[in-house]
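As structure tokens, the structure follows; a few thoughts come after it.
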Amino acid sequence: MSTPILDAQGLTYAYPGGVTALRGMTLTVRRGRRLALLGSNGCGKTTLLLHLNGTLKPGRGQVLIDGQPAGYDRAALAAWRGRVGLVLQEPDDQLFSATVYQDVSFGPLNQGLSEPAARERVLEALAALDIAELAGRPTQLLSFGQKKRAAIAGVLAMHPQVLILDEPTAGLDARGVTQLKAALERLQERGATLVFSTHDVDLAYAWADDVAILGDGTLLRQGETVATLADAKLLTAARLNTPTILTLTNALREPGAPWPGGQLPRTAEDLGAYLDGCRDGVI
Amino acid sequence: MFPIDQYAWTHRWRGHHPAERALLAGGMLLIAVTLPPLATAPLVLLAMAGATVTGAGVPLAAWLRVMAIPAGFLLLSLPFLAVSLDLTDGMRLAFSSAGAWLAVAVGLRSLAAVSALAFLTLTTPVAELVPWLRRVGVPQAVVEIALLIYRLLFIVADCAAATRNAQEARLGYSTVRRGIRSLGLLAATLLTRTLARARRLEIGLAARGFEGTLRVLTPERTLSRPHLAAVTAALFAVAAGGLTLHQVLR
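Read top to bottom, the protein sequences are chains A and B. If you number the first sequence the way numbering that gives the first Met the number 0 does, the last residue is 282 and the count never jumps. If you number the second sequence the way numbering that gives the first Met the number 0 does, the last residue is 249 and the count never jumps.
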């Protein structure tokens, strides 16, 4: 297997004031994959994400970038953040400028790009998230979904190899989630690696290539989505529900039997199509 | 939440270069303060009202509301210009017609100048003036602080409104006593929340390579020759009209 693009090894972190958030956390981010971090509230998802771009420095353990231990001096952090983009959960925490255009131009300028090159990046990022028409809009007059996409565009304009998103779908309506997923899929097709935290197991089951299950500051297990989420004991230990579609597909087959259609359905649409086929065949 | 800001972002001339509006407002301001006020000021007032309401499409009610506050101050203070204190023969207040004319002239001139500023305020958001401030030599740090304050104003106001609503829903303002207590709690909450938010903002900025300067770009907008010509023509027309009218009145 090729070297993982990011590798967190045995991270320990306690917040000032004594709350221990990570206790030997491990995570492997493989190039070009969509990785979901799953876990209940307070299990250390956000703290782990803040370690993946060097915002927090672990008490013990280390982060490897392309197999090399990460440095925490100014130059190393600047290079790290150019490669690994972080999108915070609350877009208002990230949008500091008066207009969307201004805000998106911030990252590319910090990377030392020339003004014309930065302008190109801004337009490209706005187009990638389908918000080109919002360029001149003031951030305070945007809807939550628009703010969310503007915040992602601001990180995207820096051309990161890894995009880290903290709860990207939290607070979005169904259409907002669909648009966001489509935009992220387009990025992935262009070679980006995605890491996102969520406590929505249905989203992870339908959409992630890999999942990492977190519990109380440690990694319980990381692996391919369907195989990992099929472990009921693991989900109970992590205080997570079984994905709805998995519960339904389990009810439709003998315990442990293979799925008759071959590929196990992962979305409601897949399962609906399968059931349609059954009805047409049986009745 | 802030109606002036809302109009400034959404009016009809929004797509035009802000310098065109700045030139119009600045020119009118200059005319209002330098040329004879009795003849010129009403023309400036009319031109600026027209530009704001019929030109940029800001509702008349909004314009009137913005003008009302300075107009109120003028109404309160001008009568004192018409009256003078006479000390030659004891102390007595004297009304002079010269003083009255002076009061009218100052009033008209101030109102005209305010209308030029109101036009700029209602059509140009602070954020659009900020890059310009930097170009005319205001220190980087001051400009950045202005930008951040502008942005945080909305966030803090939203946060305050949400907290207030939550308090109100649980009867926090049912009596004056409780209201005062709730308001104190609101202020305390706002402080801690704003500090926490500032910390998160810092994380977000650092993630995008923040190293001490907030450099951003604004969309490129080109100055339009026809617009500049129209602005210049309007300025000349008002100045010439004012001077002619002044001759006639004399």
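Cβ coordinates follow ideal geometry from the N, Cα and C atoms, glycine included. Computed from a predicted model, the values in this text were never measured in an experiment.
Review point. In terms of alpha-carbon separation, which member of B:A38, B:A7, B:Y6, B:H16 lies closest to B:A239?
Key: Minimum Cα distance to B:A239 is reached at B:A38.
Practice item. May I ask you to verify whether the segment 53-65 of chain A touches the segment 186-203 of chain A, counting CB pairs closer than 8 Å and requiring at least 3? Key: no
**Study point:** is_contact[A:A97, chain B] using C-beta, thresh 9 Å
**Key:** yes
Check your understanding: Who are the Cβ neighbours of B:A117 in its own chain at under 8 Å, not counting the five residues just before and after it?
Key -> M47, T51, W62, V65, M66
Point to revise | 9 Å Cβ cutoff, A:T192 in contact with chain B | key: So, not an interface residue.
Practice item. Note down, in chain order, every chain A residue with its Cβ under 7 Å from the Cβ of B:W8. Key: Neighbours of B:W8 on chain A, chain order: P137, L140.
Review point. Do you know offhand how far B:D4's Cα is from B:I148's?
Key: Across the structure, B:D4 and B:I148 are spaced so that their CA atoms are roughly 14 Å apart.
Review point. Rounded to the nearest angstrom, how far is the Cβ of A:A7 from that of A:V86, given a contact under 8 Å?
Key: The Cβ separation is near 18 Å, so there is no contact.
Exercise for review: With a threshold of 16 other CB atoms inside 10 Å of the CB of B:W100, please say whether the residue is buried or exposed.
Suggested key: It is exposed - the Cβ of B:W100 has fewer than 16 other Cβ atoms within 10 Å.
Review point. If we count Cβ pairs, one from each stretch, closer than 8 Å, do we get three or more for the segment 24-35 of chain A versus the segment 227-235 of chain A?
Key: no
Review point. Do you know whose CA, among B:F1, B:L34, B:H15, lies nearest B:L242's CA?
Key: Among B:F1, B:L34, B:H15, the Cα nearest to that of B:L242 belongs to B:L34.
Practice item. Check whether the segment 100-115 of chain A touches the segment 67-75 of chain A, counting contact only when three or more Cβ pairs, one atom from each stretch, lie closer than 8 Å. Key: In short, these stretches do not touch, since the Cβ pair count stays below three.
Review point. Taking the alpha-carbon positions, what's the B:R224 to A:Q160 distance?
Key: Rounded to the nearest angstrom, the two C-alpha atoms are 44 Å apart.
Point to revise | Whole-number beta carbon distance between A:D165 and A:T25, since they are thought to touch under 8 Å | key: Actually they do not touch by this definition, with Cβ atoms about 19 Å apart.
Practice item. Have a look at B:R220, B:G26, B:E127, B:R180 and flag the residue whose alpha-carbon is nearest the alpha-carbon of B:W8. Key: B:E127
Practice item. Quick one: list the residues of chain B neighbouring A:S104, beta-carbon separation under 9 Å, in chain order. Key: Using a Cβ-Cβ cut-off of 9 Å, A:S104 is close to R214, V215, L216, T217 of chain B, given in chain order.
Exercise for review: Let me know the secondary structure DSSP gives A:S96 once reduced to three states.
Suggested key: coil
Check your understanding: Can you check whether the CB of A:F105 is closer than 9 Å to the CB of B:L146?
Key -> no
Review point. Comparing the C-beta of B:L132 with each C-beta of chain A, is any distance below 9 Å?
Key: So, not an interface residue.
Check your understanding: With 16 other CB atoms within 10 Å as the buried threshold, where does A:T246 fall?
Key -> It is exposed - the Cβ of A:T246 has fewer than 16 other Cβ atoms within 10 Å.
Check your understanding: At a CB-CB cut-off below 9 Å, which residues of chain B make contact with A:N52?
Key -> A205, A206
Point to revise | Beta carbon proximity, B:A18 to chain A, threshold 9 Å | key: no
Exercise for review: Could you tell me which of A:V225, A:L10, A:S196 sits nearest to A:N40, measuring between CA atoms?
Suggested key: Selected option, being the one with the closest Cα: A:S196.
Review point. With distances taken from CA atoms, which of A:D172, A:L179, A:A169 is nearest A:A149?
Key: A:L179
**Study point:** Per-residue DSSP class, three states only, for A:D129
**Key:** coil
Review point. Would you say A:A77 reaches chain B, if we count a Cβ-Cβ gap shorter than 9 Å as a contact?
Key: yes
**Study point:** Contacting positions in the segment 143-173 of chain A - beta carbon closer than 7 Å to chain B
**Key:** Identification of residues in the segment 143-173 of chain A having a C-beta nearer than 7 Å to some C-beta of chain B yields G153, V154, M157, given in sequence order.
Practice item. Name, please, each residue of chain B whose Cβ falls closer than 7 Å to the Cβ of A:D91. Key: I154
Practice item. Going by CA-CA distance only, name the one from A:T217, A:D215, A:A229 that's closest to A:D209. Key: A:A229
Point to revise | Under 9 Å between C-beta atoms of A:L186 and A:A127 | key: yes
Practice item. Please determine, among B:P36, B:A21, B:A55, the residue with the shortest C-alpha to C-alpha distance to B:Y6. Key: When each option's Cα is compared against that of B:Y6, the closest is B:A55.
Practice item. Output yes if chain A places a C-beta closer than 9 Å to the C-beta of B:Q5; else output no. Key: yes
Check your understanding: So does the segment 9-19 of chain B actually touch the segment 118-125 of chain B, counting three or more Cβ pairs closer than 8 Å?
Key -> yes
Point to revise | DSSP beta-bridge partners of A:S196 | key: Paired residues: A:L36, A:D165.
Point to revise | Inter-residue Cα distance where the pair is A:A116 and B:V175 | key: Straight-line Cα distance between these residues: approximately 58 Å.
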